[in-house]
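Residue 5 is where the sequence shown starts when you use our numbering, and the numbers rise one by one after that.
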Amino acid sequence: MGTDFALILSLFGITLSPIWQKNFSVLGGATGGMALFSIGIILYVKKPKLNLAVWMNTLSRTVFVPLVIFLVMMFFKVDRSVINMTTMTMGITVAAISTIFANQYKVAEQEMASTLFLSNIISIFSMGLIIVFLKI
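In structure tokens, the structure reads:
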């Protein structure tokens, strides 16, 4: 949801004050390590199983969403640097928080853990292709 909100702010040209930017930078720096730690624990407990739902979820998040975002932003003639940053951001692997929520609420735990695993593998290639395609 955070990347969706950030996308909307970017599309409307809204920027945050330096104080808020610093707060989000500090928060973003801390969450990366915690997410990696959580991913390790979850994947140790829930062994990945690849099925059609996992593949569809992963490919939609790592390939389809960045492509649609890119095309929409090109249609609206958004600044190229914003297009590049947004496309890269939307192509980032599935967030650990969705897997944590799935485990907390006991809904699709295996699928989300598997999606998390597969999206990390696929994003190595999809992010590389985005970089090459956008000439970043």
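Even for Gly, the Cβ is constructed at its ideal location relative to N, Cα and C.
- prompt: Met94 and Pro70: beta carbons closer than 7 Å?
  reply: As a working note, residue 94 is residue 90 in the sequence shown. As a working note, residue 70 is residue 66 in the sequence shown. Yes.
message: Looking at the secondary structure, which residues open and close the alpha helix (DSSP H) in which Lys26 lies?
response: For this step, residue 26 is matched to residue 22 along the sequence shown. Start and end: 22-49.
field: Reduced DSSP category for Gly95 - H, G, I as helix; E, B as strand; rest coil
entry: The count along the sequence shown starts at 1 and reaches residue 95 at position 91. Gly95 falls in the coil class under three-state DSSP.
field: CA-to-CA distance, Val67 to Met116, given in whole angstroms
entry: For the purposes of this step, residue 116 is identified with residue 112 of the sequence shown, where counting begins at 1. For the purposes of this step, residue 67 is identified with residue 63 of the sequence shown, where counting begins at 1. In a straight line, the C-alpha of Met116 is about 17 Å away from that of Val67.
message: I want to know whether the segment 115-130 touches the segment 42-54 - three or more CB-CB distances under 8 Å.
response: In short, these stretches touch, since the Cβ pair count reaches three.
query: Roughly how many angstroms separate the alpha carbons of Ile87 and Ser127, rounded to a whole number?
result: Within the sequence shown, numbered from 1, the residue matching residue 87 stands at position 83. Within the sequence shown, numbered from 1, the residue matching residue 127 stands at position 123. Those two C-alpha atoms are separated by around 18 Å.
field: Rounded straight-line distance, which links the Cα of Ile140 to that of Phe129
entry: Along the sequence shown, one-based indexing puts residue 129 at 125. Along the sequence shown, one-based indexing puts residue 140 at 136. A direct Cα-Cα distance of roughly 15 Å separates Phe129 from Ile140.
- request: Out of Met92, Phe74, Lys110, Gln114, point me to the one whose CA is closest to Asn61's CA.
  value: As a first step, residue 61 must be located in the sequence shown, where it is residue number 57. Comparing Cα positions, the closest option is Gln114.
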